[in-house]
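In the numbering used here, the protein residues as written are 1036 to 1177.
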């Protein structure tokens, strides 16, 4: 655990600042339907808990989830920031139960955290963006 924290300490510090910023713009996350994000002060504990859980996974969960994905919600594992990616992309974990065998699928919600941080300044319609991502996710089943 300590090795992981030491290896990713700079990224964890960056994400702590990102979370603090996002807390000041709650509509950005609500427009994307990302709810109940972790408190910046709880980031390290959240990541330690995630790593412990990640090591307990078996089967398809073990193959899919990565310890360097940082869950940004307190109790759900739907959205992650990939701290192994210098752009800090936001990932949505999607369990595909429409096809057998069932499987987890990684959907890139935002390729760069900058897209999210600048959404308000750029007047980006995040509600429409989320709707488009939902349509993209489910289009083959419609």
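Just so you know, even glycine gets a beta-carbon here, dropped at the ideal spot from N, CA and C.
Do residue i and residue j have their C-beta atoms closer together than 8 Å?
i: residue 1054; j: residue 1072; result: yes
i: residue 1040; j: residue 1079; result: yes
i: residue 1143; j: residue 1124; result: yes
i: residue 1067; j: residue 1057; result: no
i: residue 1126; j: residue 1112; result: no
For residue i and residue j, what's the separation of their Cα atoms in angstroms?
i: residue 1101; j: residue 1110; result: 17 Å
i: residue 1090; j: residue 1097; result: 8 Å
i: residue 1093; j: residue 1099; result: 10 Å
i: residue 1086; j: residue 1045; result: 17 Å
i: residue 1166; j: residue 1043; result: 33 Å
i: residue 1077; j: residue 1052; result: 12 Å
i: residue 1108; j: residue 1060; result: 16 Å
i: residue 1161; j: residue 1121; result: 22 Å
Can you say whether residue i is buried or exposed, counting buried as having 16 or more other CB atoms within 10 angstroms of its CB?
i: residue 1130; result: exposed
i: residue 1163; result: exposed
i: residue 1173; result: exposed
i: residue 1170; result: exposed
i: residue 1084; result: exposed
i: residue 1117; result: buried
i: residue 1095; result: exposed
List the whole-angstrom C-beta distance separating residue i from residue j, where the pair is believed to meet the contact cut-off of C-beta under 8 Å.
i: residue 1088; j: residue 1050; result: Going by Cβ atoms, the distance from residue 1088 to residue 1050 rounds to 18 Å, so no, they are not a contact pair.
Would you check if the stretch 1150-1163 and the stretch 1130-1140 touch, i.e. whether three or more CB-CB distances between them fall below 8 Å?
-> The stretch 1130-1140 makes no contact with the stretch 1150-1163: fewer than 3 CB pairs, one atom from each, lie closer than 8 Å.
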